[in-house]
Structures are given as C-alpha cells and as structure tokens.
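A.B. asks: Right, I'll just put the structure down here and ask away after.
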Amino acid sequence: MLVGLLITLLIVMTLLIIMMKWHTKRLPGYVALLAPLIASSVFIYHIPKVLNNHVVTETYRWLPAYDINLVLRLDGLSLFFALLISLIGVAVFFYATQYLSYEHDNLPRFFTYLVLFMFSMIGIVLSNNTIILYVFWELTSVSSFLLISYWYDRSESQQGAMTSFMVTVFGGLAMFVGFIMLYVMTGTNTITKQIALREEIATHPLFIPMVVMLLLGAFTKSAQWPFHFWLPKAMAAPTPVSAYLHSATMVKAGIFLLLRFTPILGYSDFYTYSVTSVGLITMIYGSYTAIRQVDLKGILAYSTISQLGMIMSMVGLGGGIAKATDSVMLEAYAYILFAAIFHLFNHALFKATLFMGVGLIDHETGTRDIRYLGGLRRYLPLTMIAMFAASLSMAGVPLLNGFISKEMFFEGLIHAYELSAFNKVATVIIAAVGFIASIFTFIYALNMIKVTFFGELRIQKHIHEPKLFILPAAILAILLPLVFIVPNWIGTHIIEPAFSSVVASSEAVSHAPHLSAWHGVNVPLMMSLAIIVVGSVIVLRVNLLKYVIHQEQKWTLPNILGQTYESIETYSGLGLRTLMNNRLNYYIIVTFVIYFVINVYGFYRVGVPELYQIEVTDYHIFHVLLLVTIILIGFALIFIRQRLTMVILTGGIGYTVALFFILMRAPDLALTQLVTETITTVLFIVSFSRLPNIPRGQFNMRRESVKIIVSLMTAFTVVGLVFMIQQADALETISVFYHDAYEKSGGKNIVNAILGDFRALDTMLEGLVLIIAGFGIYTLLNYKDRRGQDERE
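The sequence shown lines up with residues 1 to 793 when you count with our numbering.
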C-alpha cells in the first residue's frame with residue numbers, strides 16, 4: 001500500500017504534466033488536491049495499526065548485493081511526519097488554488113512541482129534504507145529549487161533558489177558520506193538494522209566523523225545557524241510554497257533525521273552538546289533578527305529559524321536517552337524529547353496559519369511591508385482572528401497549544417542538570433538563553449499583529465476577504481485552542497507512537513509524560529508570565545519601528561561568503577587571464593612542465609630505478625636507423641618555418657614509428673598508427689591549404705631553447721614513467737588476465753579480443769567520438785560566412 005501511494009502520487013504528477021498544454025483554469029489545482037487527500041486517507045487508515053504497535057513494512061529488492069533496496073517502513077515516527085505532510089498539504093494545496101491566478105500563472109507546472117515536493121518528503125519519512133532516504137532527500141532539494149524559482153523571471157527568485165539548493169545539497173552530500181560510514185561500520189544500509197547495532201557503532205573509530213556528517217545534513221536542511229541564511233531567501237517563492245516548506249515539509253526533514261537516528265547519535269556527548277548549543281544559538285538569533293524585519297514573510301522566516309532552533313535544542317537535550325539507564329535521567333530525557341515532538345506538531349499548525357494569513361494580506365493589499373500596513377482588522381476580520389491566535393500560540397500564551405509545549409520546553413531547560421551531559425552552571429546558561437529568546441518571540445509575534453491590524457489604514461485600495469481564501473487558515477486556527485483543551489488525546493494517538501519509535505527501549509517508552517493544559521504554579525509558569533508582561537510592555541509602550549529598523553548587517557555569513565566569493569573570482573580571473581593568453585605553444589609548455597613536476601615527485605616517492613635491473617631486448621640495425629631518422633626530423637622541425645612542410649615532416653615521424661611497430665612484430669599497432677597518421681596528416685594539409693601559408697616567425701634562439709628543454713623534460717618523464725612501471729611489483733600484471741582471451745571471448749587475436757570484447761563499450765564510444773569529430777571537420781570545411789547576405793538579398 002505504501003508503494004502504491006507513491007505510485008499514485010506519480011500518476012497525479014503525470015496528469016498535471018499532461019495538462020500543461022491545456023487551458024484548464026483551476027482544474028490542475030483540484031487534480032493536485034487528490035494527492036494530499038489520498039495520502040491523508042492512507043495514513044489515517046494506518047493509525048489504529050500503529051497504535052497497536054504494528055509496523056507496516058514493504059521491501060522491493062533493487063541492488064541486494066550492496067543492500068540498496070526500496071524498503072519502506074511506517075512506524076510511529078514516520079506516521080507522525082506523514083500525517084503532518086499530508087494533512088497540512090490538504091490545506092496548502094486548497095489554499096494555492098485560491099492564491100494563484102489561472103490567467104497569469106502556469107498552474108499545471110506549479111502543482112506538478114508541489115506534488116513532487118510532497119512525494120519527496122513522504123519518501124524521506126517512509127524510507128528504511130539510507131541510500132533511498134538520500135535519494136528522496138535530494139529530491140526535496142530539487143523540487144524546492146523548482147518551487148522557489150517558480151517566478152523565474154525575478155532575480156530574487158533565481159538567487160533564493162540557487163542559495164537554498166547549494167546549501168541543502170552540500171548538507172545532503174555530507175549526510176551521504178555519513179551514511180557510507182554507517183555502511184562501513186555495520187555492513188548494511190537498512191536503518192533498523194543499523195540501530196540494532198548501535199552499541200558496536202558507538203565504539204567504532206568512524207563514529208564521531210559519522211555524527212558530524214549527519215549533523216551537517218540536518219543543520220543545513222533545517223536552517224540552523226550558521227546555515228540559516230538560505231531560508232529567508234526562499235521567501236521569494238509563492239506564499240503557498242512558503243507555508244508548506246516552513247510548517248510541515250523541508251525544514252522538518254533535518255529534525256526527522258536526528259529523531260530517526262537518536263538511538264545511535266545519542267551515544268555521543270558531542271552530539272548532545274552540538275545540537276543543544278546550535279539550537280539555542282539559532283533560537284535567540286532568529287528571534288532577535290525577526291524583530292528587525294519589516295516584511296511579514298521575513299518576520300515569519302526568521303520566526304521559523306528560531307522555532308526550529310528551539311525544537312533542535314530539545315532534540316539535543318533528549319538525545320542522551322539512548323544510553324541512559326537511571327530512572328530519574330530516563331524521565332528527564334523522555335520529558336524533553338516528548339516536548340520536542342509535541343512542539344513540532346504545534347509549530348506546523350500555527351506557522352501554516354500565519355503564512356496563509358500573510359499571503360491573503362499580500363494578495364489583497366499588494367504589500368507585506370509593515371511600515372505601510374495598518375487598520376486591516378475592519379476589512380480582514382477572519383484573517384486577524386486566525387493570525388492573532390497563531391501568533392499568541394507561537395508566543396506561548398495560555399489557552400493555546402503553543403503554551404503547553406513552551407512550558408515543557410522551560411521545564412526541560414531548568415532540569416537539564418539532571419542529564420548526564422550538563423551541570424547546574426550550564427543549566428542556568430541554557431535556561432537564560434531560552435528565556436531571552438522567548439521574550440523576543442513574544443515581541444515580534446505581538447508586534448506583527450499590532451502593526452498590521454490596528455492603528456490607521458494606510459492602504460488606499462479596495463480590500464475584501466474571500467471566504468474560500470481564508471478557509472484553510474481558519475480551520476487550522478480552530479485547532480489551536482482545541483489542542484490546548486484536549487492535549488492528551490493528541491499525545492496518546494499521535495505524539496506517543498512517534499516518541500516510542502524514537503527511543504530504543506521499552507523502559508524509556510514507559511517514561512513518556514502525560515500531556516495536560518495545567519501544570520500548576522511552578523517556575524515555567526512564572527517564566528511565561530514574565531515573558532508576557534515584559535513583551536507586552538515593550539510592544540504596547542515602545543514604537544519598535546522607530547528604534548528597531550531593518551538595516552543591512554555587515555558581518556553576516558552570507559555577506560562574508562559573498563565577499564570571499566568576489567575575492568576568489570577577482571584573483572582567479574587575474575590568474576586565468578595570465579595563463580590563458582590564446583597561445584597554443586604556451587599551453588603545451590605549461591602542461592608538459594606540470595606533468596614533469598608530477599613525475600619528479602613520483603621518482604621521489606618510488607625511487608630512481610637502477611639500470612642493471614632494467615631488461616633491454618635485442619635490437620637490429622634498422623632500429624638504430626629509424627631512431628636516427630626520428631632525431632634528424634625532430635631537429636629539422638626546429639629550423640623549418642613553413643607550416644605545410646612541418647606537417648609533412650611530423651607525419652614522417654608518425655610513419656617511422658609505424659615501422660618501429662612492424663619491426664617489433666606488432667602489425668595491428670602498425671596498421672592503427674598508419675591509418676591515424678594518414679588521416680591526421682591529410683586533415684592538416686587540407687586545412688592549411690585553405691589558409692594563407694604564413695611563415696613562422698624568425699628563428700629565436702631563446703624561444704626555441706625553451707621548447708627543446710621542455711621537450712627533453714617530457715621525454716625524460718615518459719621514459720621515467722616506463723622505468724617506474726617496470727619497478728612496480730605490488731600488483732599482478734594485467735597480461736595474466738588477458739592470456740585466456742581465447743577461452744573467454746573466442747578471439748584468436750588478443751588485441752582484437754581486448755578491443756571487441758573486454759573493452760567493447762569503450763571502443764564503441766571511441767568510434768562515436770571519431771564520427772562526431774568527422775562531422776565537425778566536414779562542417780568546418782564546408783562553412784560559408786553568410787554575415788550580411790540576408791541584408792543584401
């Protein structure tokens with residue numbers, strides 16, 4: 001059924017591609033809507049099975065010798081993410097049908113990319129094979145690139161798409177290296193089998209390098225500092241894409257990766273420190289930077305960075321559950337890890353709501369700049385209510401779902417000293433960072449609503465609120481207080497199965513916390529009230545637009561990378577202009593000198609062979625005569641200045657070499673040499689006969705001496721390479737393999753057997769290259785300059 005679902009999504013994509021040539025108005029959107037509806041139905045159907053600890057698996061063999069198979073697994077964690085992707089997808093797909101215009105936008109193309117995006121994310125969370133997971137991982141990068149650059153005629157779309165693609169693909173390659181290390185350590189690519197071998201992996205020398213590689217993949221995909229800068233640039237995408245990408249899809253892939261491999265990664269304290277530190281830094285940086293933004297999507301972009309940092313820090317704190325044995329520590333780890341999964345769920349709800357509201361505001365007013373917005377509560381009342389609820393939920397205000405997970409976040413921070421990796425000083429530091437970042441979160445969340453919906457209306461434009469447009473956001477907004485009222489229902493049916501799939505022991509599962517809206521009067525509640533009071537005073541009494549204005553920061557990672565790139569481009573351009581001076585002789589000299597240096601280094605490493613060890617075969621007087629002939633022709637070429645004469649003499653050297661092959665009883669090589677030399681000589685003569693026979697420059701002793709020296713150096717390297725090969729005895733000679741050519745291929749001529757059987761594909765491609773080169777030469781010989789001919793006619 002899981003593979004059937006993926007095939008169904010591909011069929012929907014195919015239908016959309018077929019529609020690209022039709023004028024179908026909004027039909028592509030409704031066809032694409034089938035994809036998340038079908039996916040949601042499939043995953044909802046499997047909820048009872050997963051609750052009963054029944055794991056759905058499907059395996060299709062592909063490359064079993066390397067353990068690369070299409071292995072799909074639906075457990076609690078994959079079901080949790082799959083439900084987020086598909087159910088939020090229903091809202092986003094429907095929203096996109098109202099957001100985009102069928103008169104100006106290519107709807108089949110857009111929805112094809114969006115379905116591909118959803119297909120890729122579902123593939124990630126279902127994969128139980130690291131190589132298949134990597135394939136889907138990179139598919140999300142490709143599909144997000146297509147979506148971000150959907151309006152490809154805009155420079156910001158091009159830049160945003162390239163930036164996000166380069167960063168996430170870099171992280172994906174690092175993750176792939178980590179997967180290869182896992183294969184080396186375990187001998188399998190199946191994730192469940194790797195997790196079963198976690199204790200052996202933890203003692204392997206490649207364990208820490210593998211952890212680093214997987215962290216690079218997770219941090220880049222989930223926009224963690226210092227790789228966060230691609231996410232704000234991705235705001236150039238249409239708002240439905242932003243809503244989907246930020247709430248339930250691409251940026252959550254990195255968190256999914258860490259959760260899936262927590263039983264392995266959690267054995268490393270380095271993992272705990274790194275993920276917790278990077279998460280908290282990202283949280284406070286994103287929340288502070290969000291205050292400084294004036295674009296609504298910019299505020300939400302940095303808000304996502306901050307919230308992802310918050311979730312990432314909780315994942316890091318709870319990672320030690322993999323090796324915890326003490327009951328108190330198990331309870332502490334389980335609490336914070338459970339809170340991470342719960343807040344991930346809450347974030348998907350309120351972030352999708354906020355982006356949909358911002359999209360409607362942009363659609364109706366034509367701007368997202370809060371300096372020009374205000375007073376929209378009269379014209380967009382449902383939008384205001386939905387965004388207000390979502391903003392307060394994100395800020396952690398009571399009576400909304402975000403309050404519960406924020407309380408659990410604080411509870412986990414202040415009890416971090418109960419974990420083996422932290423002491424009380426570290427606990428105070430991380431709790432302070434989380435508290436300050438939460439104040440910033442409350443400030444930008446409340447200020448965004450205040451500036452947008454209250455005050456005086458600054459937009460002189462007819463504004464209305466289409467009901468179908470705001471419907472998805474309104475439905476999601478209703479869920480925010482509903483989850484607060486019945487949190488344990490969500491916890492039991494959705495969060496707890498996901499948590500059970502993350503931890504590796506039944507004892508850890510037994511410590512899963514019980515969700516409730518009220519935790520009593522405690523320190524986290526006092527922290528929440530302090531945040532509300534301080535944040536409200538700052539927002540309502542201070543004009544943030546007056547004191548906090550968006551300014552370009554000088555020392556940011558994107559700027560540093562940009563300046564570094566410009567410097568590299570400048571110096572590399574200077575070097576290329578120096579090296580590439582359009583003189584063929586100069587290129588040849590540089591190439592041969594580099595080759596000589598490499599060969600000298602080879603002599604240094606291998607050693608200079610002794611002459612008595614080199615076997616010299618018998619030679620004939622004809623060998624000496626042919627060698628003298630080649631030397632005389634070579635010297636003659638130094639002094640001859642006519643090009644055609646030089647071509648003929650060069651061909652004479654080639655024919656002399658062919659005679660060498662005949663004397664050495666290698667008729668096949670001689671025939672090949674004769675044919676090749678004849679073709680090249682004729683082609684050169686034909687080419688030069690059509691050009692003015694301009695004589696070479698006058699003889700210059702200095703210039704010709706350089707050429708002679710380089711030629712002798714090249715000859716020395718070739719002979720030296722032959723000597724080194726004769727010295728090498730580490731590997732068995734390949735001739736042993738070809739001795740049985742007759743038995744293996746039926747060829748009586750060993751050369752023909754090698755060319756026609758052992759290297760048949762290579763020989764075919766060589767012939768193809770010759771054919772292409774022949775067509776090119778034929779085209780050049782028959783080329784006629786037609787410039788200006790059309791005008792004369």
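Using N, Cα and C, we set each Cβ at its ideal position, and we do this for glycine too.
(1) Bridge partners of Asn346, per DSSP?
(2) Return the CA-CA distance between Leu781 and Asn749, expressed in angstroms with no decimal places.
(3) Using the Cα positions of Ile646 and Phe635, report the straight-line distance between them to the nearest angstrom.
(4) Under a three-way DSSP split, which group does Arg61 fall into?
(5) Per the DSSP calculation, Ile17 is bridged to which residue(s)?
(6) Shortest alpha-carbon distance to Val251 belongs to which of Thr304, Ile180, Val600?
(7) Based on the DSSP secondary-structure assignment, which residues constitute the bridge partners of Asn700?
(8) Relative to the C-alpha of Ile633, which residue among Thr441, Phe80, Val657, Tyr619 is closest?
(9) Quick one: what does DSSP say Thr578 is sitting in, helix, strand or coil?
(10) Quick one: grab the DSSP three-state call for Arg73.
(11) What would DSSP say about Val56, mapped onto helix, strand or coil?
(12) So Phe256 and Val125 are in contact, right, with Cβ under 8 Å, and what is the actual spacing, rounded?
(13) Ends of the alpha helix (DSSP H) at Phe422?
(14) Assuming Ser164 and Trp230 form a contact by the criterion Cβ under 8 Å, report the distance between their Cβ atoms to the nearest whole angstrom.
(15) Are at least three pairs of beta-carbons, each pair with one atom in the stretch 74-92 and one in the stretch 497-506, less than 8 Å apart?
(16) Starting from Ile7, follow its DSSP beta bridges and name the residues at the other end.
(17) Looking only at C-alpha atoms, which of Val92, Lys233, Val428, Met384 sits nearest to Val451?
(18) What does DSSP give as the partner residue(s) for Asn129 in the beta ladder?
(19) Are the Cβ atoms of Leu317 and Leu413 separated by less than 9 Å?
(20) Can you find at least 3 beta carbon pairs, one from the stretch 399-413 and one from the stretch 521-537, that sit closer than 8 Å?
(21) What is the DSSP secondary structure of Ile463, reduced to helix, strand or coil?
(22) Starting from the C-beta of Leu755, find all residues in its chain whose C-beta is less than 7 Å away, skip the five residues before and the five after it, and write them out in chain order.
(23) Is it the case that the Cβ atoms of Thr353 and Leu480 are separated by a distance below 9 Å?
(24) Between the Cα of Leu265 and those of Ser277, Leu182, Ile299, Tyr288, spot the shortest distance and give me the residue it belongs to.
(25) Quick one: grab the DSSP three-state call for Asp740.
(26) Would the beta-carbon of Val92 fall within 9 Å of that of Ser247?
(27) Cα separation between Leu344 and Phe469?
(28) Mapping DSSP to helix, strand and coil, what is Asp369?
(29) For Trp137, count neighbouring C-beta atoms within 10 Å of its own C-beta (all shown protein chains included) and say buried if the count is 16 or more, exposed if not.
(30) Are Lys297 and Arg368 closer than 9 Å when you measure CB to CB?
(31) Quick one: grab the DSSP three-state call for Ile284.
(32) Which partner residues of Asp295 appear in the DSSP bridge assignment?
(33) Straight-line CA distance for Gly5 to Tyr742?
(34) Among Met664, Gly535, Ala670, Glu496, which one has its Cα closest to the Cα of Leu515?
(35) Give me whichever residues DSSP pairs with Ile68 in a beta bridge.
(36) Could you have a look at Tyr302 and say whether DSSP puts it in helix, strand or coil?
C.D. replies: Considering the structure as presented:
(1) Paired residues: none, contrary to the question.
(2) 38 Å
(3) For the record, residue 646 in the displayed sequence is Met; it is not Ile. The straight-line gap from Cα to Cα measures roughly 11 Å.
(4) strand
(5) Per DSSP, none; premise fails for Ile17.
(6) Thr304
(7) DSSP lists no partner for Asn700.
(8) Val657
(9) helix
(10) strand
(11) strand
(12) 6 Å
(13) No alpha helix (DSSP H) contains Phe422, which DSSP labels as neither H nor E.
(14) 4 Å
(15) yes
(16) Ile7 pairs with nothing; no bridge assigned.
(17) Met384
(18) Thr190
(19) yes
(20) yes
(21) coil
(22) Thr763
(23) yes
(24) Leu182
(25) coil
(26) yes
(27) 25 Å
(28) strand
(29) buried
(30) yes
(31) helix
(32) Asp369
(33) The sequence shown places Leu at residue 5, rather than the Gly named in the question. Roughly 52 Å between the two C-alpha positions.
(34) Glu496
(35) Leu63
(36) helix
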